[in-house]
Structure formats: structure tokens, C-alpha cells
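Residue 21 in the numbering used here sits at position 18 of the sequence shown, with consecutive numbering throughout. Presented below is the structure to which this report refers.
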Amino acid sequence: MEKMRSLWGEINLISSIVLVIFLVSAGCSEDSSNVVTDHDHGSHDHGVVELKGIVSKHTTNQMFMLKLDFGVKLVKGMNSFTLTLMNHDGKAVSGAQIEVIPFMTAHNHGSSAKPVVTTQGGEKYLVENVVFQMMGEWDMTIKVSQGKMSDELKLTFSIK
Ligand SMILES: [Cu+2]
Numbered sequence: 004m005e006k007m008r009s010l011w012g013e014i015n016l017i018s019s020i021v022l023v024i025f026l027v028s029a030g031c032s033e034d035s036s037n038v039v040t041d042h043d044h045g046s047h048d049h050g051v052v053e054l055k056g057i058v059s060k061h062t063t064n065q066m067f068m069l070k071l072d073f074g075v076k077l078v079k080g081m082n083s084f085t086l087t088l089m090n091h092d093g094k095a096v097s098g099a100q101i102e103v104i105p106f107m108t109a110h111n112h113g114s115s116a117k118p119v120v121t122t123q124g125g126e127k128y129l130v131e132n133v134v135f136q137m138m139g140e141w142d143m144t145i146k147v148s149q150g151k152m153s154d155e156l157k158l159t160f161s162i163k
């Protein structure tokens, strides 16, 4: 009888563990479905939007304000876009050093090309040779420095 009871207790324990595992995996099902097992880059953009038109954003530490004009949209392959640089208060910033770094975090690789930034006079800059060699979710870090100030903006978006 004592043996029966301890066996029953064991079964209860096992079924509790199974239930817990089930609940945990059910809670994660949304994430686990996003795990990239193949290389179908287009189908798992996690609701991240494409970059298109004019986007205005402050850098992480609020030092600069960037107005980016992506035109129709950023696409797979070669891209260029314009950047208008302002300080926090919206005043034009010229003569800044700007570096653009595309990166595909999910695959741990960068771009096959190096973006080239040229000044167009005053606060206007042109960013060319921005290559996204595959579809999927990309990041792009824009590093800005001028004088003693340096800050950056990281954008995350989908390339289809
Ligand atoms: Cu990739």
C-alpha cells in the first residue's frame, strides 16, 4: 500500500513537470516559430517595417537630429539616401563625420559593401553604396560626430 502511494506520488510529480514544460513551451511558441532554421529571409520579418520616405529621428543620446530621405524605399541590393543633420534644437550641423554601418544581426554579418558618405554642402549629406545583399531583417547604425560630440542612431527594418 505504501509502495502504491509513493508510485502515485511519482506519477503526479512527473505529470506536473510535463504540464510545466508544456505551459513554458506554449508561452514561447510565438518566439520559437521565428527561429530561423532555413534561409527563407523574406518570411520572418517579425513585423519590422520597411524604410521608406522621410524619417526624422534623434540619435540615442539626443545630441543630433537626423532627417533621412529613403525615397521610395530601401531595397535588396544597392541603395543611396540623403541625410540632413541638425543638433538637438534643430540647427544645421555641417562638417560632421558620418559613418553608416549595415548589419544583419540574425545572421551575424555585415554588408558586402562599404557605404560612402559625402557632404553636399551645409547640413546635407549623401550616403551611397549602401548594399543589403539579402532579404530579411537588417540594422543600420549611423554614427555621427562633430567636434567633441558623438552619438549614433540605430535603425532596424525589413528588406524584401
Ligand atoms: Cu543574412
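Every residue gets a Cβ at the ideal spot worked out from N, C-alpha and C, and that includes glycine.
Two segments are said to touch when three or more pairs of C-beta atoms, one from each, lie closer than 8 Å; by this definition the stretch 139-147 touches the stretch 98-108. In the displayed model, T108 falls within a helix according to three-state DSSP. The beta-carbon distance between L54 and K70, rounded to whole angstroms, is 13 Å. This is too long to meet the 8 Å contact definition. DSSP, read as helix, strand or coil, puts N90 in strand.
Taken atom to atom, the span from the alpha-carbon of S83 to that of S114 is near 14 Å. Sixteen is the threshold: since fewer than 16 other Cβ atoms of the shown chains lie within 10 Å of the Cβ of I57, the residue is exposed.
Excluding five sequence positions before and after A95, the CB atoms of its chain that fall closer than 7 Å to its own CB belong to M89, G125 and E126, given in chain order. Pairing V147 with F67 gives a Cβ-Cβ distance under 8 Å. Under the 10 Å beta carbon count, S97 is surrounded by fewer than 16 other beta carbons and is classified as exposed.
Counted as a single uninterrupted DSSP element, the beta strand (DSSP E) harbouring G139 occupies residues G139 to Q149.
Sequence-distant Cβ neighbours of K79 in its own chain, meaning closer than 6 Å and more than five residues away, are F135, M138 and I162.
For L77, there is no enclosing beta strand (DSSP E), as DSSP gives it neither H nor E. Cβ neighbours of K60 within its own chain (closer than 8 Å, five residues either side excluded): M68, L69, L71, L156 and L158.
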